[in-house]
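Reviewing the structure listed below.
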Amino acid sequence: MSTFRIVLAQFCIVAVSCVLLGAFSVQFLQSELPCPLCILQRMGMMLCAAGPAWLICRARTREVSARDYAECYGVSILAAILGGAVSLRQVCLHIAPGDPGFGEPMFGLHLYTWAFVVFLTVVAVSAVQLLLLPRAPERIRIGFMPRACVGLLVCIVAANALAVFVEEGFHWYLPDNPTSYQLFQDLHLTAPNAPSTP
110 MSTFRIVLAQ FCIVAVSCVL LGAFSVQFLQ SELPCPLCIL QRMGMMLCAA GPAWLICRAR
170 TREVSARDYA ECYGVSILAA ILGGAVSLRQ VCLHIAPGDP GFGEPMFGLH LYTWAFVVFL
230 TVVAVSAVQL LLLPRAPERI RIGFMPRACV GLLVCIVAAN ALAVFVEEGF HWYLPDNPTS
290 YQLFQDLHLT APNAPSTP
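Take 110 as the starting number for the sequence shown in the working numbering and just add one per residue.
Encoded structure:
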């Protein structure tokens with residue numbers, strides 16, 4: 110059963126990482142810059158994956174108890190609730206009939222709606238993990254794949270931090286509807302945006 114728990118932790122990390130890589134592909138391949146709410150949703154997803162990653166890191170150094178599982182998946186559930194609230198807020202911003210929403214739909218839904226579905230799924234999977242808590246502490250052998258999953262998540266977190274910095278530049282806040290990478294404009298590497306005329 111301990112192997113199943115680690116495989117499920119790896120699955121959670123890889124699934125959330127794939128969603129984040131999909132968001133990066135929309136950002137870089139379709140040139141749709143994420144808004145502040147999108148960035149918060151990405152942060153929520155990274156925190157959702159941090160719970161299983163924390164579990165794998167703990168299992169490398171010591172026995173894993175029921176308390177360890179509860180703490181790790183508790184973090185995932187809290188992150189999913191917060192991220193779900195942000196994505197639901199963005200859904201409600203564009204709920205009026207005729208509102209085209211923010212960005213292009215993917216498979217019929219906007220990315221923030223898919224984010225809400227992902228957060229609900231994280232809550233459900235984490236709840237299943239909490240139902241399968243071990244009765245006694247267990248020693249889990251951590252091989253290459255769990256370490257690779259954690260490494261993938263670390264790379265995605267670093268790439269996201271860099272992407273946000275490039276998008277925000279040396280400013281304190283991100284505009285509601287970003288249209289360019291501010292760092293490049295701050296360093297005079299691109300022409301500034303032309304002011305819009307009414």
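Built from N, CA and C at the ideal position, the CB exists for glycine as well.
Can you name the start and end residues of the alpha helix (DSSP H) that residue i belongs to?
{"i": "residue 253", "result": "253 to 277"}
{"i": "residue 228", "result": "220 to 240"}
{"i": "residue 292", "result": "291 to 295"}
In or out: residue i buried (at least 16 other Cβ within 10 Å) or exposed?
{"i": "residue 142", "result": "buried"}
{"i": "residue 160", "result": "buried"}
{"i": "residue 269", "result": "buried"}
{"i": "residue 265", "result": "buried"}
{"i": "residue 201", "result": "exposed"}
{"i": "residue 282", "result": "exposed"}
{"i": "residue 115", "result": "buried"}
{"i": "residue 134", "result": "exposed"}
Give me the residue from the options with the minimum Cα distance to residue i.
{"i": "residue 244", "options": "146, 126, 177", "result": "177"}
{"i": "residue 187", "options": "135, 283, 228", "result": "228"}
{"i": "residue 190", "options": "171, 168, 233, 148", "result": "233"}
{"i": "residue 137", "options": "248, 258, 272", "result": "272"}
{"i": "residue 170", "options": "256, 197, 147, 132", "result": "256"}
Could you tell me whether any Cβ in chain B is nearer than 8 Å to the Cβ of residue i?
{"i": "residue 115", "result": "Of the protein chains in the structure, only one exists, and it is not chain B."}
Task: Whole alpha helix (DSSP H) elements within the region 176 to 226, 4-residue minimum - done: Counting only runs of 4 or more, we get nothing.
Task: Runs of alpha helix (DSSP H) wholly within the region 116 to 174 (minimum 4 residues, chain order) - done: Complete alpha helix (DSSP H) runs here, min 4: 145 to 170.
Open item on the list: Across the region 212 to 223 and the region 128 to 148, are there enough close Cβ pairs to call them in contact, namely three or more that are closer than 8 Å?
Closed with: Contact holds: three or more Cβ-Cβ distances are below 8 Å.
Task: Inter-stretch contact at 8 Å, needing at least 3 Cβ pairs: the region 201 to 219 / the region 161 to 170 - done: Of all C-beta pairs linking the region 201 to 219 to the region 161 to 170, fewer than three are shorter than 8 Å, placing the two stretches out of contact.
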